[in-house]
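**Q**
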Amino acid sequence: MNPRLKNLADAGVSIWLDDLSRQRLTSGNLARMVTESSVSGVTTNPTIFAAALAQGDSYDEQARELKASGADLDATIKALTTTDVRDACDLFADIYANSGGYDGRVSIEVEPGLARDTAATVAQAEELAGMVGRDNVLIKIPATVEGLPAITATIAKGISVNVTLIFALDRYDAVIDAYLTGLEQAAENGVDLSTIHSVASFFVSRVDSEVDKRLEAIGTDEARGLKGKAGVANARLAYELYANRFAEPRFEALKAKSANQQRPLWASTGVKDPAYPDTMYVADLIAAPCVNTMPEKTMQAFADHGEVAGDTISGNLDDARATMAALASAGVDMADVVQVLEDEGVDKFVVSWDELVVTVRGALDRL
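Residues 4 to 370 (this note's numbering) make up the sequence shown, in order.
(1) On the three-pair Cβ rule with 8 Å, is the segment 250-268 touching the segment 61-74?
(2) In whole angstroms, give me the CA-to-CA distance for A96 and P298.
(3) Measure the alpha-carbon distance for V214 versus E191 and round it to whole angstroms.
(4) I need the DSSP call for L268, collapsed to helix, strand or coil.
(5) Where does the unbroken alpha helix (DSSP H) through N32 begin, and where does it stop?
(6) With R137 as the anchor, note down where its alpha helix (DSSP H) starts and where it stops.
(7) Which residue from Y105, K275 and D350 puts its Cα closest to that of G15?
(8) Are there 16 or more other CB atoms within 10 angstroms of the CB of S332, so buried, or fewer, so exposed?
(9) Residues in the same chain with beta-carbon distance under 6 Å from T184, minus the five sequence neighbours each way, listed in chain order, please.
(10) Shortest alpha-carbon distance to R108 belongs to which of I142, D120 and D60?
(11) Around the C-beta of S197, are 16 or more other C-beta atoms found within 10 angstroms, so that it is buried, or is it exposed?
(12) Can you tell me whether DSSP reads N192 as helix, strand or coil?
(13) May I ask you to report which of helix, strand or coil DSSP gives R119?
(14) Compute the distance between the beta-carbons of F352 and W269, then report whether it is under 9 Å.
(15) Answer yes or no: do V235 and V274 have a C-beta to C-beta separation smaller than 9 Å?
(16) At which residue ranges does the segment 89-114 contain complete beta strand (DSSP E) runs of 3 or more residues, listed in the order of the chain?
(17) Specify the secondary structure class of A338 as computed by DSSP and reduced to three states.
(18) Taking the straight line between their C-alpha atoms, what separation do you get for T3 and T326?
Have a look at this one:
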């Protein structure tokens, strides 16, 4: 087992792979990552599935069977993707059991075109959970305004949720409220709260990409000196918010009923600017009980030269606040930044979903 990644896991960070494909499953690659790289979960999204289905012929046999059975395009896509997620859930079953449900998780996202439709999101979340049919699945729901009540309703049904596309602290606060309300409704519905888990996926590198662009446009030495600092500072303040909210009496009452905390998950942790250290969104965001979902390239970089210097969040909160204040002073409108990122995030996943549809339609035509 890689000692650097093991040290990261021992520091309380759950290492999840931000990728999944049938090839990873059938070749034994994912199983090896569990034993060699301390991987304890997987996240997926439409971009990942579009890339997986566009490569090779791993999906041909199942697609051929689905076509012969008369399955339409939508049903075929759901069957192909949920099969991968189900098989990955089975691979992580022991980790799931041994961690009490915190790890061994595999995420699958509702169709991104539903991001602004609360009722349709709830319906598809329930459908996907049923199709996967494994307790360790997480249904990904975007943290749009319309997604918040969908999170509550899905949690109230006893379905575990990965809340995705979180960029803003105030939206994260609303996500926590949505989760707690869902737990309260689940308790009223007679659901065993110990069976419900959730993570809140706070995006990191995309914040720097948007903020750095604005700092460069401002053009002062002071502004340029702040490049590459917003993403980590924003995430650290999100961790502070998490710690405070889950120490409140409201959650303590739910905890007495065996409820679980909603853990922070750092997403978009691959460095997009080559000028920055390739492990910065891992090394600078270490604290228990966080999750870091990494692209394989980032995981390999940390395995090669990543350093674990204990908790790198809790002792740096004042610095994070100072960074955010300096950004505001320099003229960066963070409220606009996070809204742009949310809109772009939804749009990008819709484009990836469309690519997935085209890929599957082409495969069915070819077969």
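Built from N, CA and C at the ideal position, the CB exists for glycine as well.
**A** Per the coordinate set shown:
(1) no
(2) 22 Å
(3) 43 Å
(4) Strand.
(5) N32 to S40
(6) Careful: R137 lies outside any alpha helix (DSSP H) and carries neither H nor E.
(7) The residue with the shortest Cα to Cα distance from G15 is Y105.
(8) exposed
(9) T155
(10) I142
(11) exposed
(12) Here N192 sits in coil by DSSP.
(13) coil
(14) Cβ atoms of F352 and W269: not closer than 9 Å.
(15) no
(16) 108-112
(17) In the structure shown, A338 sits in a helix (DSSP, three-state: H, G or I).
(18) Examination of residue 3 is not possible in this model, given that the chain is present from 4 through 370 alone.
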